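Novice: Take a look at this one; I'll ask things after.
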Amino acid sequence: MCKNLIANGFKVQAYDVMEGARESAAAAGINVVGSVAEAATDCDYVVSCLPATAHVQEAMTMKGGVFASARPGTIVLDTSTILPGGSLEMGAAAKAAGMTFLDTPMSGGVLGARAGTLSFMCGGDADHVEAGTTVLKGMGKNVFHCG
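Those letters in the sequence shown? Residues 2 to 148, by our numbering.
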C-alpha cells in the first residue's frame, strides 16, 4: 500500500511495530520512521492498517499516538476491519482532537494491495470521505461511501 502511494505521488512516512516489517519497507524505498508519533507528525492524512480494534484504539489514543501527535485537521483513514463501536469511539476521540476519523476497511487482500486494486468501504460524513478518496485511490481502485 505504501509503495502504491509513493508511485502515485504521495510522500509517505511509515511505522510498524514489527522490526522485520520496518526493514522490509526500508529495503523497498519507503521512508520508515521510529514511532507512531513520527509517522503522524506533519501529515494531512494518516492511514492505519492494524489487526484488531484494540490495536487501532492503542495506536490512536496512546501517549505519542496519532491523536496526540497529528495536527488538527488531519484525516485518519483506518483501513483495518474493526468493530463498529470502536470506529464510533475513535471518531469521537478524533473530533475532540480536531481531526477526522474515517472507517475505511478494505477488500482485495495482499494481491489487491500489491496490484493497487483494493476496494474501500467507507463510513463517515460524505464530505470527509470525498476528502480521503484521493489517498484511498492511491492504494486501490474502488471507494464506496457506505454511510
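Note that CB positions come from ideal geometry on N, CA and C, so glycine has one too.
Quantities reported herein were computed from a predicted structural model and do not represent experimental measurements.
Using the Cα positions of Gly4 and Ala29, report the straight-line distance between them to the nearest angstrom.
Specialist: Stepping through the sequence shown from its first residue, residue 4 is reached at position 3. Stepping through the sequence shown from its first residue, residue 29 is reached at position 28. Reading the sequence as shown, one finds Lys at residue 4 and not Gly. Their backbone Cα atoms lie some 8 Å apart in a straight line.
Novice: Quick one, are the C-beta atoms of Met100 and Ala69 less than 8 Å apart?
Specialist: Within the sequence shown, residue 100 is the residue found at index 99, counting from 1. Within the sequence shown, residue 69 is the residue found at index 68, counting from 1. Taking 8 Å as the Cβ cut-off, Met100 and Ala69 do not qualify as a contacting pair.
Novice: Count the C-beta pairs between the region 131 to 139 and the region 91 to 100 that are closer than 8 Å, then say yes if the count reaches three, no if not.
Specialist: Counting Cβ pairs under 8 Å, fewer than three are found: no touch.
Novice: The alpha helix (DSSP H) spanning Asn9 covers which residue range?
Specialist: The residue given as residue 9 occupies position 8 in the sequence shown. Careful: Asn9 lies outside any alpha helix (DSSP H) and carries neither H nor E.
Novice: Run the proximity test for Gly113: is its beta-carbon closer than 7 Å to any non-hydrogen atom belonging to the ligand HEM?
Specialist: By its list of ligands, the structure shown contains no ligand whatsoever, and the ligand HEM lies outside what it can speak to.
Novice: Classify Phe121: buried if its beta carbon has 16 or more other beta carbons within 10 angstroms, exposed otherwise.
Specialist: The residue labelled residue 121 in the question sits at position 120 within the sequence shown. Buried is the call here.
Novice: Within a Cβ cutoff of 6 Å, which residues of the same chain sit near Lys142, ignoring the five residues on either side of it in sequence?
Specialist: On the sequence shown, position 141 is the one that residue 142 refers to. Thr118, listed in sequence order.
Novice: In terms of alpha-carbon separation, which member of Val33, Thr80, Val144, Gly10 lies closest to Val48?
Specialist: To locate residue 48, count along the sequence shown from 1; it is residue 47. That would be Thr80, whose Cα lies nearest to the Cα of Val48.
Novice: Span of the beta strand (DSSP E) holding Ser49?
Specialist: Position 48 of the sequence shown, counted from the first residue, corresponds to residue 49. It spans 46 to 49 - the beta strand (DSSP E) in which Ser49 sits, taken as one unbroken run.
Novice: Of the choices Cys50, Asn9, Cys147, Ala114, whose alpha-carbon is the least far from that of Asp128?
Specialist: For the purposes of this step, residue 128 is taken as the residue at position 127 of the sequence shown. Among Cys50, Asn9, Cys147, Ala114, the Cα nearest to that of Asp128 is on Cys147.
Novice: Go through its chain and collect everything with a Cβ distance to Ala27's Cβ below 8 Å, but skip five positions before and after it.
Specialist: For the purposes of this step, residue 27 is identified with residue 26 of the sequence shown, where counting begins at 1. Within the same chain, Ala27 has close Cβ partners Val33.
Novice: Would you call Val111 buried or exposed, if buried means 16 or more other Cβ atoms sit within 10 Å of its Cβ?
Specialist: Residue mapping note: residue 111 aligns to position 110 of the sequence shown, counting from 1. Result: exposed.
Novice: Between the Cα of Gly87 and those of Leu78, Gly125, Val57, spot the shortest distance and give me the residue it belongs to.
Specialist: To locate residue 87, count along the sequence shown from 1; it is residue 86. For Gly87, the nearest C-alpha among the options comes from Val57.
Novice: Taking Leu78 as part of the beta strand (DSSP E), name the residues at either end of that continuous run.
Specialist: Indexing the sequence shown from 1 puts residue 78 at position 77. 76 to 79 is the span of the beta strand (DSSP E), which, as asked, contains Leu78.
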